[in-house]
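Sequence lines, in order, name chains A and B. Once you know that position 285 of the first sequence is 285 in the working numbering, the rest is easy, because the numbers rise by one and skip nothing. Once you know that position 330 of the second sequence is 1330 in the working numbering, the rest is easy, because the numbers rise by one and skip nothing. Glycine residues also receive a C-beta, built at the ideal position from the N, C-alpha and C atoms. Only a predicted model underlies this, so the values are computations on that prediction, with no experimental measurement involved. Scroll down for the structure; my scribbles are underneath it.
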Amino acid sequence: MMKRRGFIRTLTISAAVAAIGLGASPVMAQQKTVKVGVLHSLSGTMAISETVLKDVALMAFDEINAKGGVMGMKIEPVVVDPASNWPLFAEKARQLLTQDKVAVTFGCWTSVSRKSVLPVYEELNGLLFYPVQYEGEEISRNVFYTGAAPNQQAIPAVEYLMSKDGGSAKRWVLLGTDYVYPRTTNKILRAFLKAKGVAEADIMEEYTPFGHSDYQTIIGKIKKFAAEGKKTAVVSTINGDSNVPFYKELGNQGLKATDVPVVAFSVGEEELRGVDTKPLVGHLAAWNYFMSIKAPANTEFTKKWAAYAKAKNIAGHKDKPLTNDPMEATYIGVYMWKQAVEKAKTFDVAKVSAAMGGQTFKAPSGITSTMDAKNHHLHKAVFIGEVQADGQFKVVWKTKGPVKAQPWSPYIPGNDKKKDEPALMAEKK
Amino acid sequence: MRLILLLAIFFSTQAAALDRALVDKLGFGESDEKVVAINAIAASGDPRAAEVLGALAEGELQTSGKLVIIVKNDEAFDAASGDKLALPEEREDVVANNRLRGAVSAALAALKLLSPDRQQRLAALKELSDNAEGADVAMLGIVRRALAAETDPGVKPLLEQVAASLELKGGDREARIAALQRLAGSSSANAKTLLLSYIETEKDADLLAEARKSLRAVEGKRAWAERAGLAFTGISLGSILLLAALGLAITYGLMGVINMAHGELIMIGAYTTYAVQTLFRTKFGAAFDWYLLAALPAAFAVSAAVGMLLERLVIRWLYGRPLETLLATWGISLVLIQTVRTLFGAQNVQVENPAFMSGGVEVLSGVVLPYSRIVIVIFAAAVLAGMWLLLTRTRLGLFVRGVTQNRAMASCVGVPTHRVDTWAFGLGSGIAGLAGCALSQIGNVGPDLGQGYIVDSFMVVVLGGVGQLAGTVYAALGLGFANKLLESWQGAVIAKILVLVFIVIFIQKRPQGLFAVKGRMADA
């Protein structure tokens, strides 16, 4: 009843506004749809990871539309391709906000793309849902982060490798692609490792450019570093399609997980598609969701995805449907936004944002994810999985329940003074 | 540790079934208990030990209620006795993480040391010396027995190494000194690791001095292995640069066409490989491993055809106008990228390696040469040799050289210069296609593939000296080595910058490149 009444009210109001002649915006003019932006790279080095997020967002929209839409309004997706080109992200974001006037955007994978669109969303007061684990150090009024903060992924993974079961690693290789996410994550990890008594000489940091494809030297260096007398582990924050040559080289050079385990933060089921995972068995990934998790919500999610991929003829997924953590995070984001809009009974960014705090959703990972009341981040459970011969991950460790995100990592000096909520406009200026 | 040994010997007397208490620990214990159980089961020497441990590593070991079972193809067996059971409904996997799998593989390898088959013993020794943790001290008994029984001169030295690393952990003082001396002969990374951690804990001055001496010996050998490994990575990168640049050495080097679409011709070769692979997978699944043999001529033909078409339609009209050629070919490169994007999609496509190109061969301890890279080095050499023969030994080669050296004179003596141009451009493009086929085996195949190689290719040709095949070879190998040396010293990002800075300086000092064309050039 509520829904229907809300719908009728919206209709009357917009009709009234249109009659007065002020209803110039397309949302109002069409009356029955609400535009929603999808801002993911569909080409370039990040397409390997991001394309599928576009598809899963569209799937969630279809589901919502089939059940009557958001407040009775059908979602009309506006999909743009920023092509792994960071300045283009900002351009496309501006286009979505000013030209298409979208109510919300689901998008970005790399932190550099998020940093690139952030000023646009803050300036034009848009709303962005960011679905990927990242380095923290950011809370924006205009962004909701449905991926993990460092304490929900990186720190637990390193703690696991330090534990007896993880192999009691004493030496660390921090390997990443050269941009803001790996650099910041490694800064946090370095501080964390030092706090745990790891010496400076026992940490090696290496970066490669985006799209790097020759990992011979790096693997050689890792081997050399690992032969210095203590158990070594590699923490990989390599992003995009570089992961394929990296894991191929790892397998070919016979660097086994029992000797030097590699834990990755940006490699999931999708990135390993097409890589022969038999030599990689036992290498690890830390996420808040794995496709292999046994939970009723996950069975339903993977089934829906398989059916959707088949129906929409999505390359790769139509024969071998895979789901992964950022897909799950996108899915949660779309539904939480819907819930918040329906609670706020408006698409107004400030009101929807206020309604987001405390929203819950039964996530495919088997837990009930809660949006933190203040800090715009989700409470999530952490899983650590080992690669299996079939390209899936087997969970070998998990947290007891959801963990609250700490976007301001306590391992970076000065963060203890920062507030765990977005700054007001006045404070920012 | 002694206690475990004693226990192990005690258990080995009961041969009929594995000790149920141990198997239960394997199924229900904490990780520490599981590791102890793994080693105790292995050390028991029971004939079913290998089966149970293998099941654990393969993920076939499950628990049901209070029973530990092995489930294979939907059939259940009691893990301790081996008796067949009805498949229970409620089952839980016994999760084998890295630590447990490592312990299992070391334990299984130790068991195989007693195998009568020489190959099995060698494989087991390799496994034990590669395993970072090494065998557990509980295996010392088995290894000692194996050592006493071993007579094969090819196996014994390796076995002595493995025994030494165990004696170091569990032997008495005499045994440890002997072990330290033996380890000096090793070149494996694990020997170094073992010695380093040993030095940290040892108090006895004599033993410490002995350990240091052995460590120096091992490190000396390791340094050579590392240098050899680095040299190979240099050769490997060099061969890739060479492959990418060889086609350009003809189109730009010999013909003088600034072909910005060269990278896209490589990309087309890679996509042809992808298409052939897909065809093989759907039509001739059995012969899938050999798709590369079909892909090579296909990649050459498709890229050559595209190249010849380009030459006929566009480049022909722009000879002698380098700036226009540059712009036109750059435009063509964008068209080609967009065409491929429309045909195959913007995402990378997956080219799978044939089985024989996965993995690698260990030439020295710790230096693994991946088969895919070895194949590419050989392939690059073969393409180079083929091209050299074609240019120096065939009529077409003679014409090409003639036309590029003096077009007017060649034309006067009846060489069809226009047709030769087309053929030469096609040849250069075809070789780019071959490069694409090779690159698809080690990197990503996407519409932007060529963009990553065009700069490198021009760098190689310019550095080598325009018009010089030998120069191209030296430049490719030189850049490969330089890049890898710098990379191992300063990391990939800085290495790339340093190489570019070096080339800028070099070209300023020596604009004609490494090898200048000497003598009179009529067409210069």
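As a quick exercise: from the options, pick the residue whose alpha carbon is nearest that of residue i.
i: A1381 of chain B; options: B:Y1474, B:L1343, B:N1348; result: B:Y1474
i: D1448 of chain B; options: A:G37, A:A83, A:T33; result: A:A83
i: K256 of chain A; options: A:S266, A:L280, A:F246, A:M291; result: A:L280
i: K54 of chain A; options: A:M371, A:K380, A:A405, A:F106; result: A:F106
i: W1330 of chain B; options: B:V1314, B:G1345, B:T1342, B:L1279; result: B:V1314
i: W1224 of chain B; options: B:K1213, B:V1363, B:L1194; result: B:V1363
i: F290 of chain A; options: A:L322, A:V180, A:V102; result: A:L322
i: D1046 of chain B; options: B:R1401, B:L1207, B:L1125, B:L1108; result: B:L1108
i: T185 of chain A; options: A:E135, A:G391, A:D214; result: A:E135
i: P326 of chain A; options: A:E122, A:G69, A:Y145, A:A311; result: A:Y145
i: G176 of chain A; options: A:S41, A:G197, A:P209; result: A:P209
i: M1267 of chain B; options: B:V1349, B:M1139, B:A1086, B:P1153; result: B:V1349
i: Q359 of chain A; options: A:A90, A:G333, A:Y121; result: A:G333
i: K419 of chain A; options: A:G385, A:N375, A:K404; result: A:N375
i: S409 of chain A; options: A:I139, A:E91, A:M356, A:K35; result: A:I139
i: L39 of chain A; options: A:Y215, A:L250, A:Y121; result: A:Y121
i: G1359 of chain B; options: A:A233, A:K303, A:K248; result: A:K248
i: L1242 of chain B; options: B:F1379, B:L1087, B:E1051, B:A1217; result: B:F1379
i: D1136 of chain B; options: B:L1296, B:E1150, B:S1165, B:R1395; result: B:S1165
Do residue i and residue j have their C-beta atoms closer together than 8 Å?
i: N252 of chain A; j: P1370 of chain B; result: yes
i: V235 of chain A; j: W172 of chain A; result: yes
i: G1450 of chain B; j: E1311 of chain B; result: no
i: M1459 of chain B; j: L1479 of chain B; result: yes
i: T217 of chain A; j: K1484 of chain B; result: yes
i: P131 of chain A; j: A329 of chain A; result: yes
i: V1276 of chain B; j: Y1291 of chain B; result: yes
i: G282 of chain A; j: T299 of chain A; result: no
i: L1026 of chain B; j: V1068 of chain B; result: yes
i: A1247 of chain B; j: A1432 of chain B; result: It is Gly, not Ala, that sits at residue 1247 of chain B in the sequence shown. It is a contact, given that the beta carbons lie within the stated cut-off.
Indicate whether at least one CB of chain A lies closer than 8 Å to the CB of residue i.
i: L1343 of chain B; result: no
i: T1465 of chain B; result: The residue asked about is misnamed: residue 1465 of chain B is Gly in this sequence, not Thr. No, because no Cβ of chain A sits closer than 8 Å to the Cβ of G1465 of chain B.
i: E1075 of chain B; result: no
i: P1370 of chain B; result: yes
i: I1507 of chain B; result: no
i: I1442 of chain B; result: yes
Indicate whether at least one CB of chain B lies closer than 8 Å to the CB of residue i.
i: V27 of chain A; result: Note that V27 of chain A scores 45 on pLDDT, short of 50, meaning its location in the model is unreliable; the coordinates nonetheless yield the value given after this. It does not; no Cβ of chain B falls within 8 Å.
i: K343 of chain A; result: no
i: L322 of chain A; result: no
i: V396 of chain A; result: yes
i: T185 of chain A; result: no
i: S49 of chain A; result: no
i: T237 of chain A; result: no
i: N415 of chain A; result: no
Can you give the Cα-Cα distance for residue i and residue j, rounded to whole angstroms?
i: S1186 of chain B; j: L1158 of chain B; result: 9 Å
i: A264 of chain A; j: V387 of chain A; result: 11 Å
i: S242 of chain A; j: W86 of chain A; result: 18 Å
i: A1301 of chain B; j: G1426 of chain B; result: 9 Å
i: V244 of chain A; j: Q1441 of chain B; result: 11 Å
i: I48 of chain A; j: R1101 of chain B; result: 31 Å
i: I203 of chain A; j: L1237 of chain B; result: 28 Å
i: V1340 of chain B; j: T51 of chain A; result: 17 Å
i: L1384 of chain B; j: F1515 of chain B; result: 18 Å
i: E1089 of chain B; j: E1060 of chain B; result: 15 Å
i: S266 of chain A; j: F393 of chain A; result: 14 Å
i: K1213 of chain B; j: K164 of chain A; result: 32 Å
i: E421 of chain A; j: G37 of chain A; result: 25 Å
i: K224 of chain A; j: L189 of chain A; result: 22 Å
i: A29 of chain A; j: F61 of chain A; result: Confidence at A29 of chain A is low in this model, with a pLDDT of 44, below 50, so its placement is unreliable and the value that follows should be read with caution. The alpha-carbon atoms of A29 of chain A and F61 of chain A are separated by roughly 21 Å.
i: P402 of chain A; j: V1445 of chain B; result: 39 Å
i: L128 of chain A; j: F89 of chain A; result: 13 Å
Examine the ligand GDP and report whether any of its heavy atoms sits within less than 7 Å of the Cβ of residue i.
i: V1023 of chain B; result: This structure lacks the ligand GDP; in fact it carries no ligand of any kind.
Using a Cβ cut-off of 8 Å (strictly closer), state whether residue i contacts chain D.
i: L1180 of chain B; result: The structure shown contains no chain D; its protein chains are A and B.
Complete runs of the alpha helix (DSSP H) confined to the region 191-226 of chain A [at least 4 residues]:
Within the region 191-226 of chain A, the complete alpha helix (DSSP H) runs of at least 4 residues are 216-226.
Beta strand (DSSP E) segments (min. 3 residues) lying fully within the region 366-417 of chain A:
Within the region 366-417 of chain A, the complete beta strand (DSSP E) segments of 3 residues or longer fall at 368-371, 383-387, 393-398, listed in chain order.
I'd like the ranges of any beta strand (DSSP E) spanning at least 3 consecutive residues and lying wholly in the region 228-274 of chain A.
Counting only runs of 3 or more, we get 232-237, 262-264.
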